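A.B. asks:
Protein chains in written order, with this note's numbering: chain G, 475 to 672; chain U, 475 to 672.
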């Protein structure tokens with residue numbers, strides 16, 4: 475049985491990875507989105523196992539100790555993480571799994587599962603990034619400047635990734651990611667059983 | 475200026491690399507087929523610089539000595555080779571170049587230009603390979619058996635390549651190669667100037 479691909483789609487805040495992943499999933503029903511675990515309270519409308527796995531803090535901490543996360547982080551007192559077992563189960567049954575994740579998380583996943591496909595989404599330009607962050611309208615000017623500066627520094631992490639995809643037009647970025655998936659499946663190191671078929 | 479890709483398409487005799495390359499070139503006018511040099515006589519209809527560069531044996535030998543071939547071989551007293559300068563010129567001007575070449579040649583190219591994209595074409599099965607070689611109708615039974623045996627051993631070289639593409643349906647194989655090209659262009663190590671754009 476050929477293993478599925480672990481697709482890790484990552485990039486700076488405002489690069490548009492959310493929009494790209496949504497469109498990629500809509501057009502490729504065979505790709506499974508990994509569901510994160512969190513200790514924060516569910517918001518109205520959020521469904522257990524769809525938006526998140528909602529866990530008690532004690533449970534989450536014991537899972538950290540047992541090494542049951544591919545990556546995890548604490549943000550404003552709440553924990554977030556990617557449960558390893560669910561992802562591995564899908565991969566081992568030949569299904570592809572998509573992780574949409576920030577850069578710190580992606581680099582942790584790479585340590586544990588270097589065989590993943592690590593894709594960095596680039597904003598088309600700093601100007602465009604600024605206008606996207608402004609478009610969200612949820613930030614003070616100072617917070618926005620901090621986010622811009624942080625995004626700029628985050629872009630340097632692109633060299634830790636396998637692929638860099640420019641998010642100029644969402645459709646083109648999605649098409650490039652689909653090509654990356656097809657190409658990765660044709661990689662010799664992912665087809666160890668080639669010779670057995672002859 | 476971003477360098478073009480050197481696509482090396484190779485595989486055992488009868489795998490169908492010729493058909494695949496023809497179709498790939500027809501559908502992608504931006505890919506340049508590398509023209510080989512040879513010391514054999516032109517056949518009727520063959521055009522200098524299109525089918526081959528036809529060279530005198532002395533000239534060919536001095537080019538070997540000067541290291542002016544990416545690879546070369548002697549077959550039944552004639553020399554065949556890939557002139558390095560022509561290929562490098564195209565690559566440096568950002569154009570993609572296709573080499574359709576046997577396995578020995580591909581491995582030599584890999585030593586000199588490991589940054590190429592090495593694609594191995596697999597026949598769908600040994601049965602299908604047999605019927606293809608038979609279809610050519612140009613061989614004795616003994617010669618055919620030798621070719622089958624040699625093809626079988628050649629398939630083991632697949633592990634020296636980056637990609638293995640099954641030639642079950644030509645159209646699908648060409649589509650996979652097009653995806654490989656698109657994916658390779660998105661590879662981080664081929665986009666060294668990413669950061670300069672920000």
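We treat Cβ as the ideally placed atom computed from N, Cα and C, and that holds for glycine.
On a predicted model such as this, the values are computed, not experimentally measured, just so you know.
If you measure from the beta carbon of residue 511/U to each beta carbon in chain G, is any gap under 8 Å?
C.D. replies: False, the Cβ-Cβ gap to chain G never drops below 8 Å.
A.B. asks: Between residue 572/G and the rest of its own chain, which residues show a CB-CB distance below 6 Å, the 5 nearest in sequence each way excluded?
C.D. replies: So the qualifying residues of the chain are 481, 505, 507.
A.B. asks: Going by Cα to Cα distance, which pick from 621/U, 668/U, 591/U is closest to residue 652/U?
C.D. replies: Taking only the C-alpha atoms, the option nearest residue 652/U is 591/U.
A.B. asks: Going along chain U in order, which residues have a C-beta closer than 7 Å to the C-beta of residue 665/G?
C.D. replies: Residues of chain U passing the Cβ test: 638.
A.B. asks: Can you give me the C-alpha to C-alpha distance between residue 601/U and residue 549/U, rounded to a whole angstrom?
C.D. replies: Roughly 28 Å separates the two Cα atoms.
A.B. asks: Anything in the segment 611-635 of chain G with a Cβ closer than 9 Å to a Cβ of chain U? List those residues in chain order, please.
C.D. replies: If the cut-off is 9 Å between Cβ atoms, the segment 611-635 of chain G has 626, 629, 630, 632, 633, 634, 635 near chain U.
A.B. asks: How would you call residue 537/G, buried or exposed, if buried means at least 16 neighbouring beta carbons within 10 angstroms?
C.D. replies: With 16 or more Cβ atoms within 10 Å of its Cβ, residue 537/G is classed as buried.
A.B. asks: Ignoring anything shorter than 3 residues or poking outside the segment 526-577 of chain U, list the beta strand (DSSP E) runs there in chain order.
C.D. replies: As far as the segment 526-577 of chain U is concerned, its whole beta strand (DSSP E) runs of at least 3 residues are 543-549, 552-557, 570-574.
A.B. asks: Answer yes or no: do residue 553/U and residue 534/U have a C-beta to C-beta separation smaller than 8 Å?
C.D. replies: Closer than 8 Å, so yes.
A.B. asks: Would you give the residue range spanned by the beta strand (DSSP E) that residue 484/G belongs to?
C.D. replies: It spans 480-484 - the beta strand (DSSP E) in which residue 484/G sits, taken as one unbroken run.
A.B. asks: Report back the beta-carbon spacing between residue 494/G and residue 632/G to the nearest angstrom; my notes put them in contact at under 8 Å.
C.D. replies: Contact flag wrong, Cβ pair sits at about 16 Å.
A.B. asks: Could you give the distance in angstroms between the alpha-carbon of residue 669/U and the alpha-carbon of residue 615/U?
C.D. replies: Distance between the alpha carbons of residue 669/U and residue 615/U: 60 Å.
A.B. asks: In three-state DSSP terms, what is residue 439/G?
C.D. replies: Summary: the structure shown does not reach residue 439/G, with chain G confined to residues 475 through 672, and so no result is reported for it.
A.B. asks: Which runs of the beta strand (DSSP E) at least 3 residues long sit entirely within the segment 583-663 of chain G? Give them in chain order.
C.D. replies: 591-596, 637-640, all fully within the segment 583-663 of chain G.
A.B. asks: Per DSSP, residue 512/U forms a beta bridge with which residues?
C.D. replies: The partner list for residue 512/U (beta bridge, DSSP) reads 528/U, 554/U.
A.B. asks: Under 7 Å Cβ-Cβ, which residues of chain G neighbour residue 653/U?
C.D. replies: Ordered by position in chain G, the residues that pass the 7 Å Cβ test against residue 653/U are 653, 656, 657.
A.B. asks: Which of the three DSSP states is assigned to residue 494/U in this structure?
C.D. replies: Here residue 494/U sits in helix by DSSP.
A.B. asks: In angstroms, rounded to a whole number, what distance separates the CA positions of residue 520/U and residue 512/U?
C.D. replies: One C-alpha to the other measures close to 12 Å.
A.B. asks: Could you list the residues in the segment 572-592 of chain U with a C-beta less than 7 Å from some C-beta on chain G, going in chain order?
C.D. replies: Cβ contacts with chain G come from no residue of the segment 572-592 of chain U.
A.B. asks: For a quick check, are the C-beta atoms of residue 490/U and residue 644/U less than 8 Å apart?
C.D. replies: Yes, the Cβ-Cβ distance between residue 490/U and residue 644/U is below 8 Å.
A.B. asks: Our contact map puts residue 474/U next to residue 575/U with C-beta atoms below 8 Å; I'd like the distance itself, whole angstroms only.
C.D. replies: Beyond the ends of chain U as shown, which are 475 and 672, falls residue 474/U; an answer cannot be given.
A.B. asks: Over what stretch of residues does the beta strand (DSSP E) that includes residue 506/G continue unbroken?
C.D. replies: Taken as a continuous stretch (DSSP letters only), the beta strand (DSSP E) holding residue 506/G covers 505-507.
A.B. asks: Would you say residue 661/U lies against chain G (beta-carbon separation less than 8 Å)?
C.D. replies: Closer than 8 Å: yes.
A.B. asks: What does the alpha-carbon distance come out to for the pair residue 587/G and residue 545/U?
C.D. replies: Computed Cα separation, rounded: 38 Å.
A.B. asks: Compare the beta carbon distance of residue 720/U and residue 501/U with 8 Å and say whether it is the shorter of the two.
C.D. replies: A query on residue 720/U cannot be resolved here, the shown segment of chain U reaching from 475 to 672 and no further.
A.B. asks: Just to confirm, is the Cβ distance from residue 492/G to residue 597/G under 8 Å?
C.D. replies: No. Outside cutoff.
A.B. asks: What do you get for residue 531/G, buried or exposed, if any count of 16 or more other CB atoms within 10 angstroms of its CB means buried?
C.D. replies: So residue 531/G ends up on the exposed side.
A.B. asks: Just to confirm my understanding: we take residue 564/G, look at its own chain, exclude 5 residues before and 5 after, and list those with CB closer than 7 Å. What are they?
C.D. replies: So the list reads 478, 506, 571, once near-sequence residues are dropped.
A.B. asks: Could you give the distance in angstroms between the alpha-carbon of residue 628/G and the alpha-carbon of residue 498/U?
C.D. replies: Their backbone Cα atoms lie some 38 Å apart in a straight line.
A.B. asks: Could you tell me whether any Cβ in chain G is nearer than 8 Å to the Cβ of residue 481/U?
C.D. replies: Not closer than 8 Å to any Cβ of chain G, the Cβ of residue 481/U fails to qualify, so no.
A.B. asks: Quick one: residues in its chain with C-beta nearer than 8 Å to the C-beta of residue 624/U, no 5 flanking neighbours on either side, listed in chain order?
C.D. replies: Excluding positions up to five away in sequence, the list reads 486, 487.
A.B. asks: Can you look up residue 488/U in the DSSP assignment and give me helix, strand or coil?
C.D. replies: In the structure shown, residue 488/U sits in coil (DSSP, three-state: anything other than H, G, I, E or B).
A.B. asks: Looking only at C-alpha atoms, which of 517/U, 620/U, 524/U sits nearest to residue 510/U?
C.D. replies: Checked all of 517/U, 620/U, 524/U; the closest Cα to residue 510/U is 524/U.
A.B. asks: Return the CA-CA distance between residue 484/U and residue 660/G, expressed in angstroms with no decimal places.
C.D. replies: Roughly 15 Å separates the two Cα atoms.
A.B. asks: Relative to the C-alpha of residue 634/U, which candidate in 555/G, 663/G, 589/G has its C-alpha closest?
C.D. replies: It is 663/G whose Cα lies nearest to the Cα of residue 634/U.
A.B. asks: Of all the options 613/U, 517/U, 626/U, which has the alpha carbon lying nearest to the alpha carbon of residue 603/U?
C.D. replies: If we check each option's Cα against that of residue 603/U, 626/U comes out closest.
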